[in-house]
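Enquirer: According to my numbering, the sequence shown is numbered sequentially starting from 117.
Think of the CB as a built atom: it goes at the ideal place given N, C-alpha and C, for glycine as much as any other residue.
Shown below is the structure under consideration.
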Amino acid sequence: MVAGLILTSCLILGIAIIGLSMNTQNQAIVLPAEVALPGMQGQFESLTLNTDLPKSPSSIQVYSIKSIDMIQDGNGDVSMTIRKSIPSASKAPALAEKSLEKYGGLPKDAQLVDALPRYQYKYNLTTNSVEEKYPWQTQVRYIQILDGFPVIGATINLGLGENGEITSLVKAWPTYESRKEVKIISAEKAYEKLKVRDTTEKLQGNLPEGSKVTEVKLGYRLFDAWNSDAKDAYLKPVWIFSVTSPLDPEPFPIMVDATA
């Protein structure tokens with residue numbers, strides 16, 4: 117008898133929250149949580165810069181949070197169901213926008229990150245190969261844009277079933293009030309902090325040999341959105357380093373506090 121195993125895609129939550137590209141075969145929507153974004157401790161010596169560092173403004177506006185629209189919806193049994201078909205990547209955004217109407221609609225400051233069909237796999241443990249794949253749900257992700265910068269942690273992350281219905285939904289969407297000007301460090305200084313592991317989250321594991329920084333951008337990080345009913349949530353400017361490795365060409369983010 118051939119040994120087999122059904123494997124379900126799993127979410128690397130930090131990347132999903134960030135809203136950067138994810139591998140289409142090994143990640144998908146699950147639970148929201150205020151967890152540390154994935155990162156690495158050790159082996160930073162192998163990290164190389166494979167892009168130009170952007171010019172840096174001397175300061176940035178930082179906003180106080182007025183409220184956060186937080187939603188966690190979906191039935192676990194329903195969301196994990198294997199389906200006959202799922203929406204294509206091209207049709208999913210329009211279906212998602214329509215399905216979000218019952219939750220107040222798609223915010224005007226939302227930007228589509230991606231729409232990716234997800235599958236469950238039958239894996240042969242003897243041959244170490246995938247024998248079959250089963251339609252699961254199409255994942256659609258949005259990120260909030262504030263003054264032209266991405267807000268890491270401000271996200272809509274949903275799954276769509278075969279008829280475009282929402283099977284799972286995670287939403288954390290802030291509104292803002294007062295603001296102040298905050299001085300920030302340059303991208304060069306942020307890169308020096310990255311090389312000595314001075315990152316916003318403590319990172320677990322090791323960076324594989326050959327890992328590269330492929331993009332550097334300025335943005336915000338939303339902290340403590342899921343703690344204390346978001347009463348203690350706050351925004352901080354960050355430099356976002358997108359890193360790829362030989363093990364996975366899809367980028368994952370490592371962030372450095374941009375505050376001077």
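Three or more beta-carbon pairs under 8 Å between the stretch 295-305 and the stretch 171-187, yes or no?
Expert: yes
Enquirer: Tell me whether the beta-carbon of Asp256 lies closer than 8 Å to the beta-carbon of Pro209.
Expert: Residue identity differs from the one stated: residue 256 is Val in this sequence, not Asp. Cβ distance < 8 Å, so Val256 and Pro209 count as in contact.
Enquirer: Write down the C-beta distance between Leu232 and Thr197 rounded to the nearest angstrom, noting that I regard them as a contact closer than 8 Å.
Expert: About 18 Å separates the two Cβ atoms, so there is no contact after all.
Enquirer: So the alpha helix (DSSP H) Leu308 belongs to, where does it begin and stop?
Expert: Reading the sequence as shown, one finds Glu at residue 308 and not Leu. Unbroken alpha helix (DSSP H) run through Glu308: 303-311.
Enquirer: Which first and last residues belong to the alpha helix (DSSP H) in which Pro209 is found?
Expert: Pro209 -> alpha helix (DSSP H) spans 208-215.
Enquirer: In chain order, what residues of the same chain lie with their CB nearer than 8 Å to the CB of Val359, ignoring the 5 residues before and after it?
Expert: Excluding residues within five positions, the ones whose Cβ falls inside 8 Å are Leu163, Leu323, Ser327, Lys328, Val329, Thr330, Pro367, Phe368, Pro369, Ile370.
Enquirer: Using the Cα positions of Asn343 and Asp225, report the straight-line distance between them to the nearest angstrom.
Expert: In a straight line, the C-alpha of Asn343 is about 24 Å away from that of Asp225.
Enquirer: Quick one, are the C-beta atoms of Thr375 and Lys352 less than 8 Å apart?
Expert: It is a contact, given that the beta carbons lie within the stated cut-off.
Enquirer: Near Ala303, which residues of its chain fall below 7 Å by C-beta distance, leaving aside the five closest residues on each side in sequence?
Expert: Within the same chain, Ala303 has close Cβ partners Leu169, Pro170, Ser172, Val332, Trp355.
Enquirer: Hey, which unbroken runs of the alpha helix (DSSP H) at 4 residues or more fall wholly within the stretch 262-328?
Expert: If we require 4 residues or more, the alpha helix (DSSP H) runs fully inside the stretch 262-328 come out as 303-311.
Enquirer: Considering only the beta carbon of each residue, do Glu281 and Ser201 sit closer than 8 Å?
Expert: no
Enquirer: Would you call Val372 buried or exposed, if buried means 16 or more other Cβ atoms sit within 10 Å of its Cβ?
Expert: Buried is the call here.
Enquirer: Are there 16 or more other CB atoms within 10 angstroms of the CB of Thr271, so buried, or fewer, so exposed?
Expert: buried
Enquirer: Under the rule that 16 or more other beta-carbon atoms within 10 Å means buried, what is Asn191, buried or exposed?
Expert: Burial state of Asn191 is exposed, judged by a 10 Å Cβ sphere holding fewer than 16 other Cβ atoms.
Enquirer: Tell me Pro369's beta-bridge partners as DSSP assigns them.
Expert: Ser358
Enquirer: Return helix, strand or coil for Lys249, following the three-state DSSP convention.
Expert: strand
Enquirer: Does the Cβ of Val229 have 16 or more other Cβ atoms within 10 Å, making it buried, or fewer, making it exposed?
Expert: Residue burial annotation: Val229 is buried, with at least 16 other C-beta atoms found within 10 angstroms of its C-beta.
Enquirer: Please report the distance separating the alpha-carbon of Pro266 from that of Arg337.
Expert: 8 Å
Enquirer: Straight-line CA distance for Leu211 to Lys305?
Expert: 43 Å
Enquirer: Between which two residues does the beta strand (DSSP E) holding Ala376 run?
Expert: Per DSSP, Ala376 belongs to no beta strand (DSSP E) and is neither H nor E.
Enquirer: Kindly indicate the opening and closing residues of the beta strand (DSSP E) around Pro233.
Expert: 226-240
Enquirer: Out of Gly335, Leu274, Ile184, state which residue places its alpha-carbon closest to the alpha-carbon of Ile301.
Expert: Gly335
Enquirer: Report the rounded CA-to-CA distance for Leu276 versus Arg199, giving the unit in angstroms.
Expert: 11 Å
Enquirer: Let me see if you follow: with CB-CB separation under 8 Å, is Thr167 close to chain C or not?
Expert: In the structure shown, chain C cannot be found, because there is only a single protein chain.
Enquirer: Along the chain, where does the beta strand (DSSP E) that runs through Lys182 open and close?
Expert: 175-189
Enquirer: Counting only the same chain and skipping the five closest in sequence on each side, list residues whose C-beta sits under 8 Å from that of Thr140.
Expert: In this prediction, Thr140 scores a pLDDT of 32, lower than 50, which makes its location untrustworthy; no coordinate-derived value is stated.
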